[in-house]
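Beneath this line is the structure, given in C-alpha cells, with notes to follow.
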Amino acid sequence: MIQETDAVVIGAGPVGLFQVFQLGLQGINAHLIDALPHAGGQCVELYGDKPIYDIPGIPVCTGRELAALLLRQIEPFNTHWHLNTLVAALSLQDDGRLLVETSQGAQLLARSVFIAAGVGAFVPRALKVDGIEQYVGTQVHYQSLPANTELAGQHVVVHGGDEPAVARAVELAEQGQATRVSLLHRRDVFQAPDALLQRLQQLRDAGRIHVEAAQITGIETAGDRLAALQLVDADGSTRALALDLLVPVLGISPRLGPIADWGLAMDRKQLVVDTEAFRTSVPSIHAVGDINTYPGKRKLILCGFHEATLAAFGAAEALKGDKVALQYTTTSARLHQLLGVAQGAQA
Ligand SMILES: Cc1cc2nc3c(=O)[nH]c(=O)nc-3n(C[C@H](O)[C@H](O)[C@H](O)COP(=O)(O)OP(=O)(O)OC[C@H]3O[C@@H](n4cnc5c(N)ncnc54)[C@H](O)[C@@H]3O)c2cc1C
2 MIQETDAVVI GAGPVGLFQV FQLGLQGINA HLIDALPHAG GQCVELYGDK
52 PIYDIPGIPV CTGRELAALL LRQIEPFNTH WHLNTLVAAL SLQDDGRLLV
102 ETSQGAQLLA RSVFIAAGVG AFVPRALKVD GIEQYVGTQV HYQSLPANTE
152 LAGQHVVVHG GDEPAVARAV ELAEQGQATR VSLLHRRDVF QAPDALLQRL
202 QQLRDAGRIH VEAAQITGIE TAGDRLAALQ LVDADGSTRA LALDLLVPVL
252 GISPRLGPIA DWGLAMDRKQ LVVDTEAFRT SVPSIHAVGD INTYPGKRKL
302 ILCGFHEATL AAFGAAEALK GDKVALQYTT TSARLHQLLG VAQGAQA
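To convert, note that position 143 of the sequence shown is 144 in my numbering; the numbers rise steadily by one, no gaps.
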C-alpha cells in the first residue's frame with residue numbers, strides 16, 4: 002500500500018536526525034529511514050565512545066551521546082521510523098511527487114525528500130563463500146539472530162574476530178538457550194577489550210563457547226538445509242563443522258549503493274546541491290550532510306545542521322507556495338506548541 006507524506010528523510014545519522022527536528026519546527030512530520038537497526042550514523046557506528054569537541058554549546062560528548070541528544074530533541078514530533086531498511090529506489094512521478102521504495106517493500110509517496118545518506122548505507126560485510134547467500138534470512142543471519150529465533154537444540158556458529166563477534170558469542174553463551182555456541186575465526190586471536198576477552202576465556206574454560214580457528218572454504222548441504230561448513234585449519238588439514246545457524250559478524254561498511262542510480266547530478270560520488278535550500282538537480286529532493294557537495298563544503302556535523310535548517314525552510318516554502326517567516330524557539334507561541342512546551346501543553 003502506498004503511504005502519502007509531506008517528507009521522507011533518508012538516513013538517521015546526526016544530520017538526518019536534525020533534519021527531522023527542523024522539519025518538525027516547520028510543522029512537517031517526516032518518515033525517517035535507515036539501513037542500520039539504530040540511529041546515529043557514523044557517530045554511533047564508527048566512533049560511538051570517542052569524544053567530539055566541536056558541536057556548538059556542547060564542550061564534549063561521545064558519538065553515542067550526541068545521537069541520544071538528537072533523538073531526545075525530535076521526541077516532540079511524530080516521526081515514522083523505518084530502521085533496518087534500505088531505500089532502494091527514488092523516482093519522480095508525473096504529478097511532481099517522489100516515490101520512495103524500500104527494501105522492506107514500503108512505498109512512500111512524498112512531496113519532499115531529504116537525502117542525509119552520509120557516506121552511504123551501512124551494511125554488513127558479506128561472507129564470500131559460494132552458495133551461502135541462499136541461506137541468508139533462514140540459517141544465516143548477519144550481525145545478530147532475529148529476536149524470536151528458537152535456539153533449543155541448535156548449534157550456533159558466530160563467525161568473526163573483532164569485538165562485536167566476541168560480544169555476540171558471549172551473549173549467546175550467557176543466554177544458555179543454544180545447545181552449542183562456537184566462535185569461528187581464522188586464528189585463535191581476538192581483538193576485543195580485556196574484560197570481554199577474559200569473559201570469553203571463562204566461557205571457553207567452562208565448555209560454553211568452542212573456539213574454531215579455521216577458514217571457511219565451502220558449505221555442505223542436506224536437502225534444502227545448510228548442514229555444515231567446510232573448514233581448513235592453519236596446518237592445511239580440512240574438516241566439516243556441522244551447524245544449524247551461522248551468524249557472520251564481519252564488520253559494517255558503507256555502500257553508496259542505489260543513490261548513484263537515482264538520476265541526480267553527482268560530482269565524485271556526492272550529490273550536487275545549491276546553497277540556498279540544498280536542493281539537488283530535482284528541486285523537491287534536498288541533500289544534506291556528508292552526501293552533498295558545493296563550493297566550500299566541509300564534512301562536519303555543524304555544517305550539516307546548517308544545511309538541514311535551510312533545507313527545511315526551502316521545503317516548507319515550496320509546500321506552502323509562500324514565504325515562511327523566521328520565528329525563534331525562544332519566543333514563538335507556534336513553535337512552543339509544536340515542541341509541546343506551550344503553557345498548558347504536557348511536558
Ligand atoms: C572517526 C570519525 C570522527 C569524526 N569526528 C568528527 C568530529 O569530531 N566533528 C565533526 O563535526 N564531524 C566528525 N566526523 C564526521 C561526522 O561523523 C560526519 O560529518 C557526520 O556523521 C555526517 O552525518 P550524516 O548524517 O550526513 O551521515 P552519516 O553519519 O554517515 O549517516 C548516514 C546514514 O544514512 C544511512 N543510509 C545511507 N544510504 C541509505 C539508504 N540508501 N537507505 C537507508 N539508509 C541509508 C546510513 O546507514 C547512515 O546511518 C567524524 C567522522 C569519523 C569517521
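Ideal Cβ positions, reconstructed from N, Cα and C, are used throughout, including at glycine.
Here the structure is a predicted model, which is why all the values come from computation and not from measurement.
| Query | Result |
| --- | --- |
| May I have the straight-line CA-CA distance separating H186 from N85, to the nearest angstrom? | 26 Å |
| When burial is assigned at 16 or more other CB atoms within 10 Å of the CB, is R226 buried or exposed? | exposed |
| Let me make sure I understand the geometry here. Which of L26, G17 and I11 has the alpha-carbon closest to that of Q328? | L26 |
| To which residues does DSSP link F115 through a beta bridge? | V10 and H287 |
| Answer yes or no: the CB of P15 versus the heavy atoms of ligand 1, is any distance below 6 Å? | yes |
| Looking at the structure shown, is G305 part of a helix, part of a strand, or coil, going by DSSP? | helix |
| Quick one: what does DSSP say F279 is sitting in, helix, strand or coil? | coil |
| Could you work out which residue in R126, L152, D55 and E76 is closest to P255 when comparing CA atoms only? | R126 |
| Inspect the beta-carbon positions of A309 and Q4 and report whether they are closer than 7 Å. | no |
| Can you give me the Cβ contacts of P363 inside the same chain, cut-off strictly under 6 Å, excluding the 5 residues immediately before and after it? | Any property of residue 363 remains undetermined from this structure, which presents the chain solely from 2 to 348. |
| Do A117 and ligand 1 come close, with the Cβ less than 6 Å from some heavy atom? | yes |
| Output the distance between the C-alpha atoms of S282 and G264, rounded to the nearest integer angstrom. | 9 Å |
| Could you pull out every residue in the same chain whose Cβ sits closer than 6 Å to the Cβ of L87, ignoring the five residues on either side in sequence? | A36, S104 and A122 |
| Under the assumption that L246 contacts R240 (Cβ atoms under 8 Å), give the Cβ distance between them as a whole number of angstroms. | The pair is not a contact, with the Cβ atoms about 19 Å apart (cut-off 8 Å). |
| Verify whether the separation of the beta carbon atoms of V289 and A13 is less than 7 Å. | no |
| Kindly provide the ranges of any alpha helix (DSSP H) runs that are 4 or more residues long and lie completely inside the stretch 186 to 251, ordered along the chain. | 195 to 206 |
| Could you check where the alpha helix (DSSP H) with Q176 kicks off and where it finishes? | E164 to Q176 |
| Under three-state DSSP, which class holds Q338? | helix |
| Could you tell me which uninterrupted alpha helix (DSSP H) segments, each at least 4 residues in length, are contained entirely in the stretch 58 to 99, listed from first to last along the chain? | 64 to 74 |
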